[in-house]
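*Asks:*
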Amino acid sequence: MVKTEIKRIDSQKLLKETNLSKKAALLQYLAQQCRIDVFDILHEKGTGHWGGAASAAELITTLYFHIMKVRPNEPEWAERDRFVLSKGHASTMLYTVLSNRGYFPQSELSTFRTLNSRLQGHPCMNKTPGVEMSTGALGHGLSVTLGMALSAQLLKKKFWSFVLLGDGCLNEGQTWEAIMAAAKFKPERLVLMIDYNKVQLDGNSDEIMPLDPLPEKLKAFNWTVAPKVYDGNMVSDIIQSWEWMQKQTDWPLAVIYKTHKGKGVSFMEDNHKWHGAPIDEDNYAKGRPELLKTLKDLEVQS
Ligand SMILES: Cc1ncc(C[n+]2csc(CCOP(=O)(O)OP(=O)(O)O)c2C)c(N)n1
């Protein structure tokens, strides 16, 4: 298949946009652009995880381009906000957003999962600028992010600590230990974000390990839970959730986002078969035009 080039957004210019609805539209476009880049990389390499990466495009993009204070040219800046991708298998989306944000050249994305590359299948904090924690074994993310939030408290720093969990991370006992511990210590600016696509590696969450009623469970553990489930594939909704977070004083915070695994390619959406299957030539040729059409539609609005 001959790859159609896409119109790329000026991501540095986007950062300076002051009109919030214009910025939301630009972010929605950028997230879709990243989704297409991920689709291309995974197809080219014949490896990686499409479903969970596509699910989190808008969440990771909005974090790095709207919510978090970071300095890509100084990744270890002490005051930076922290983000941990607990569902480390979605690494390609994190790498694509980080490269757009300026942590490393976009040309490096094509080295994904090759020998000696800084961009391995699961994120490595010792190799990749911007990666705060090595993840991949589900269930560790909240514990380490709680540690980051507690360190902020000890050091009297004001940075935020965000962690993104998939449903699978919530199947892990360690996550619930961290949920209990966070409710005990109540560190400020700790936010648990849940990418609630309800599909895992080999089936739906309701079959594997039902989590509902999730907001009630988190409330019962003494967390402050957002008043609604936000649309995690809609940047304007994610921005709204951030506005809610900034008004809170009772910590820690949990926000549940309804998302779609494999978002953007109709026959891959909400289907566990596309959790980590290689994107072969036929499915690439069928799926890419759908992604391009959405990008084109977003261009009109932005
Ligand atoms: C401790 C552990 N058990 C099993 C796996 C294998 N595994 C990788 S991804 C995954 C499912 C993840 O589902 P979810 O968290 O819902 O991710 P998403 O749908 O957002 O991709 C599983 C079981 C793992 N990485 N770690």
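Per the working numbering, the sequence shown starts with residue 19, numbered consecutively.
C-beta: ideal position from N, C-alpha, C; glycine also.
#1: Would you call Gly159 buried or exposed, if buried means 16 or more other Cβ atoms sit within 10 Å of its Cβ?
#2: Taking 8 Å as the threshold (C-beta atoms), are Pro205 and Ala244 in contact?
#3: In the DSSP assignment, the beta strand (DSSP E) including Gly221 goes from what residue to what residue?
#4: Within the present structure, is the beta-carbon of Asn251 separated from the nearest heavy atom of ligand 1 by less than 7 Å?
#5: Name the DSSP beta bridge partners of Thr65, please?
#6: Under the assumption that Cys187 contacts Gly139 (Cβ atoms under 8 Å), give the Cβ distance between them as a whole number of angstroms.
#7: If contacts are defined as beta-carbon pairs under 8 Å, then Ala49 and Ala75 qualify, I think. What distance do you get, rounded to the angstrom?
#8: Taking 7 Å as the cut-off, is the beta-carbon of Asp255 closer than that to any non-hydrogen atom of ligand 1?
#9: In whole angstroms, give me the CA-to-CA distance for Lys31 and Phe83.
#10: Output yes or no for whether 8 Å exceeds the beta carbon distance between Leu309 and Gly280.
#11: How do the region 254-263 and the region 193-204 stand: do at least 3 beta-carbon pairs fall below 8 Å, yes or no?
#12: Taking the Cβ atom as the reference point for each residue, do Leu168 and Phe203 lie within a distance shorter than 8 Å?
#13: Keeping to the same chain, check which residues put their C-beta closer than 8 Å to that of Gly294; ignore five residues upstream and five downstream.
#14: Residues in its own chain within less than 6 Å of Gln124 by CB, not counting five upstream and five downstream?
#15: Rounded to whole angstroms, what is the Cα-Cα separation between Tyr302 and Pro90?
#16: Within 10 angstroms of its Cβ, does Pro296 collect 16 or more other Cβ (buried), or is it exposed?
#17: According to DSSP, is Arg306 helix, strand or coil?
#18: At which residue ranges does the region 59-113 contain complete beta strand (DSSP E) runs of 3 or more residues, listed in the order of the chain?
#19: Output yes if chain E places a C-beta closer than 8 Å to the C-beta of Trp241; else output no.
*Replies:* Walking through what the data contain:
#1: buried
#2: Their beta carbons are not under 8 Å apart, which means Ala244 does not touch Pro205 by this criterion.
#3: Per DSSP, Gly221 belongs to no beta strand (DSSP E) and is neither H nor E.
#4: no
#5: Thr65 is bridged by DSSP to nothing; it lacks a bridge partner.
#6: Rounded, the Cβ-Cβ distance is 17 Å, inconsistent with contact.
#7: Taking C-beta atoms under 8 Å as the contact rule, Ala49 and Ala75 qualify, at a distance of about 4 Å.
#8: no
#9: 11 Å
#10: no
#11: no
#12: Yes; because the gap between Cβ atoms is below 8 Å, this pair is in contact.
#13: Gly66, His67, Trp68, Gly69, His107 and Leu219
#14: Ser117
#15: Tyr302 and Pro90: Cα-Cα distance of roughly 32 Å.
#16: exposed
#17: Reduced to three states, the DSSP call for Arg306 is helix.
#18: 100-103
#19: Going by chain labels, chain E is absent from the structure shown, which holds only one protein chain.
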